[in-house]
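Residue numbering for the sequence shown follows full-length UniProt numbering, starting at 1 and increasing by one per position. All C-beta atoms in this analysis are idealised placements derived from N, C-alpha and C, irrespective of residue type, glycine included. Keep in mind that this is a model prediction, so the values were computed, not measured. Read the structure below first, then the notes.
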Amino acid sequence: MTLLSTIRHDSVFRAGEYSNYPIHIVGAGATGSRVFMSLIELGLTNISVYDYDKVEAHNLANQAYMHEHIGVPKIQALKSLASMKLGIAEDQLPMQFVNERIDQRKFNGFLFLLTDTMASRRQIVDAQDKGPNSELFQIFETRMASTHGNVYHFSPTNSVQLERWYDSLISDDEGEMSPCGTSISVGPTASLIANLAVWEFMNFLLDDGCATAQLDVFFKPMMFSTKDNI
C-alpha cells in the first residue's frame, strides 16, 4: 500500500505495533503540519487532521506547505504532501482530513492540540470526557514564540495533571505578537517544537507512559528545562 520504507528506524520505533491507536491533530499550522509529516514518516497512518484555514504565502516559511499550495485548504495541501511522501493516490490515503472547525468534538486515542488560540484549546479540553471510562489517553500541546517554545503532555483523566495544565494557560492577548497582528513564528523553532512533541508521543508509547509533563526550550541562549508528570 505504501512505498515508504521505515527500515532505518524500525529498531527504535515499529509503527505497526501502534497502528490501532487513533491519532488526532487539531490545527495544521506551524507545528500541526510538521507533526503530521513526522508521524507519517514514522509509518503511522491512523491519523485524523482537522483545520479550516487555507494556505497563505506567509505560511511557507514556517509550515510544511509548498508554493503550489497557496490558496488551497490546508487539509487538501496535507493530503497532497502525504500522497507524495507515501506514494499513494490521494483518494486511497488511510488518513482522515477534516476541513472544519472543531471545538466540541470528543476524541479518543491521542490528541495533538495545536489550534491558533488558547481559548479554542481550553474549549476543546473542556469538551473531553474526563472520567475513568474516557477513551482519550493523552493530550500533547505545543506553544511557541520566536526563540522559545513549550511542549505539554497530560492525561485528561488525571485531575492533578489537568489542573496543572489549566493553570499554565495564558490569555491570547499575552502571546508574543508581531506588528502586523499575527503570531511570530520562526521555521526552525516550529520544526524543533513539533518534533519534540512527536518524541514525547513516542516516549509515552515506548516507555510505558514515561513522558515529560512540560518541556521548555529556549534557543537564545540554548537551554532546556523539564517537569515530570504526577
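Cutoff 6 Å; reference residue i; Cβ partners in own chain excluding five residues on either side
i	result
Arg14	none
Gln123	Asp103
Met177	Confidence is the limiting factor: at Met177 the pLDDT is only 41, short of 50, which leaves the residue's position unreliable and the question unanswerable from this model.
Gly32	Ile25, Leu114
Gln214	Tyr152, Lys227
Ser155	Gln138, Gln161
His69	Val55, Ala77
Phe224	Val217
Ser168	none
Lys220	Thr147
Cβ-based neighbour list, residue i, same chain, cut-off 7 Å, excluding 5 preceding and 5 following
i	result
Gly181	Below a pLDDT of 50, predicted positions are generally treated as unreliable, and Gly181, at 38, falls in that range; the measurement from the model is reported next regardless. The answer is none, since no qualifying residue turns up.
Ala61	Gly187
Asp116	Gly27, Gly29
N- and C-terminal bounds of the beta strand (DSSP E) containing residue i
i	result
Tyr152	148–154
Phe13	No beta strand (DSSP E) contains Phe13, which DSSP labels as neither H nor E.
Ile23	23–26
Close Cβ partners of residue i (< 8 Å) along its chain, the five nearest in sequence each way excluded
i	result
Leu42	Thr6, His9, Phe13, Ala15, Val198, Met202
Pro132	Thr157
Arg34	Gln63, Ala64, Ala190, Ser191, Ala194, Asn195
Ser19	Leu44, Thr45, Asn46
Ala57	Ile70
Range of the contiguous alpha helix (DSSP H) that encloses residue i
i	result
Phe218	Premise fails: Phe218 lies in the beta strand (DSSP E), 212–219, not in any alpha helix (DSSP H).
Asp167	159–168
Val198	187–206
Ile47	No alpha helix (DSSP H) holds Ile47; the beta strand (DSSP E) holding it covers 47–50.
Ser225	Run containing Ser225: none in the alpha helix (DSSP H); it sits in the beta strand (DSSP E), 222–228.
Thr6	That residue, Thr6, is in no alpha helix (DSSP H); it is neither H nor E in DSSP.
Ala30	30–41
Beta-carbon proximity of residue i to residue j, cut-off 7 Å
i	j	result
Glu90	His153	no
Arg101	Tyr52	yes
Gln96	Ser38	no
Thr212	Thr226	yes
Thr142	Ile184	no
His148	Phe218	yes
Tyr50	Val125	no
Lys74	Ala30	no
Phe110	Ile170	no
Met118	Asp172	yes
Quick one: complete beta strand (DSSP E) runs, 3+ long, within the stretch 52–114? 96–98, 109–113
Mind the definition here: the stretch 73–84 touches the stretch 137–150 only if three or more C-beta pairs lie below 8 Å; say whether that holds. no
What are the uninterrupted segments assigned as beta strand (DSSP E) that are 3 or more residues long and contained completely in the stretch 109–143, given in chain order? 109–113
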